[in-house]
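Using the numbering used here, read the sequence shown as starting at -4 and increasing by one per residue. Okay, structure first, notes after.
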Amino acid sequence: MKQILSIIVSLAFFGACAQERPIDKSNIQLEYTSESRGFFHLILVDKETIKQSSDFNRNDVDSKKCTTKQWKKIQEHLENIDLNKLATYKPSTENRFSDRAAHASLKVIYKDSIYGESLFDHGNPPSELKPLVELILSLAETVE
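What follows is the structure, given as structure tokens:
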């Protein structure tokens, strides 16, 4: 009986470990949104394109090609972020709860699944995400 229990526990343990596979950071999509009453801004960045929209329904989207240099810079910033902890990063302010700042979120999308999401005040991301968020916002400014 003890052997059977040991086998079951071992299988459950190894099965759980097998599910936590590292993601290929070169094949992700970053989604940054900021919104408040009457305001919406969406930025999508992947290896191929940089897209942005102020249309909540995402019908009117502007895009441009993401250059290899831009994508490498994003990859450099991603190396400094533990994506497993993305949702646990604490913002330094919470002004979005009293309408003093727009709500912002950064999602990492991998193979059609949201890998992680961080919520914070627009313009004031958690310190761990600040360089990446600033880069995403600056890339969006280049889209016409």
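Every residue, glycine too, gets a C-beta built ideally from N, C-alpha and C. Here the structure is a predicted model, which is why all the values come from computation and not from measurement.
Check                                                                                                                                                                : Outcome
In three-state DSSP terms, what is V138?                                                                                                                             : coil
Nearest CA to the CA of S87: which residue from T63, C61, P126, P120?                                                                                                : P120
If contacts are defined as beta-carbon pairs under 8 Å, then A82 and G111 qualify, I think. What distance do you get, rounded to the angstrom?                       : 5 Å
Using the beta-carbon count (16 or more within 10 Å), is D55 buried or exposed?                                                                                      : exposed
Tell me which residues share the same chain as A96 and place their Cβ nearer than 6 Å to its Cβ, disregarding the 5 neighbours each side in the sequence.            : N90, D116, H117
Output the boundary residues of the alpha helix (DSSP H) element that contains L69.                                                                                  : Note that residue 69 is Ile in the sequence shown, not Leu. Note, I69: alpha helix (DSSP H), 63 to 74.
Measure the alpha-carbon distance for R53 versus D77 and round it to whole angstroms.                                                                                : 29 Å
Check whether the region 126 to 139 touches the region 56 to 69, counting contact only when three or more Cβ pairs, one atom from each stretch, lie closer than 8 Å. : yes
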